[in-house]
Amino acid sequence: MVRPAKSATSAKPTRVTNDMRRLRFAHGEMTQADLADRTGVTRQTIIAIEQGRYSPSLELAFLIAHAFGVPLDDVFQYPTPSLTPPLTPSGEES
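What the sequence shown shows, in my numbering, is residues 255 to 348, in sequence order.
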């Protein structure tokens, strides 16, 4: 059975949060278009990431952090996982 591809509008929001808006304003009110130009993506991509509708690739995340001159974790945060048992070397929960 072939399942239809999900549309961009049905994508699940990301759990990655970011401080892009705050950082843009801290850097001389940098516009979304300015950040897009500095990172080589569209303004729409920056908007989607900033609003939490899209998670950037690792490479783009580093480019965004570099554009602000800060470490990656100053821009992006991921919630600490719940207290789940760690996996054993065999891939099973301990």
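Every residue gets a Cβ at the ideal spot worked out from N, C-alpha and C, and that includes glycine.
Using 10 angstroms around the beta-carbon of L289, count the other beta-carbons present and answer buried if the total reaches 16, otherwise exposed.
buried
Among G323, P310, A321, nearest to Q331 - alpha-carbon criterion:
P310
Report the residue ranges of all alpha helix (DSSP H) runs contained in full by the segment 261 to 337; include only those spanning at least 4 residues, in chain order.
Correct list: 274 to 280, 286 to 293, 297 to 304, 312 to 322, 326 to 329.
Excluding the five sequence neighbours on either side, which residues of its own chain have a C-beta within less than 6 Å of the C-beta of M274, listed in chain order?
E304
Which of the three DSSP states is assigned to P343 in this structure?
Of the three classes helix, strand and coil, the one that applies to P343 here is coil, per DSSP.
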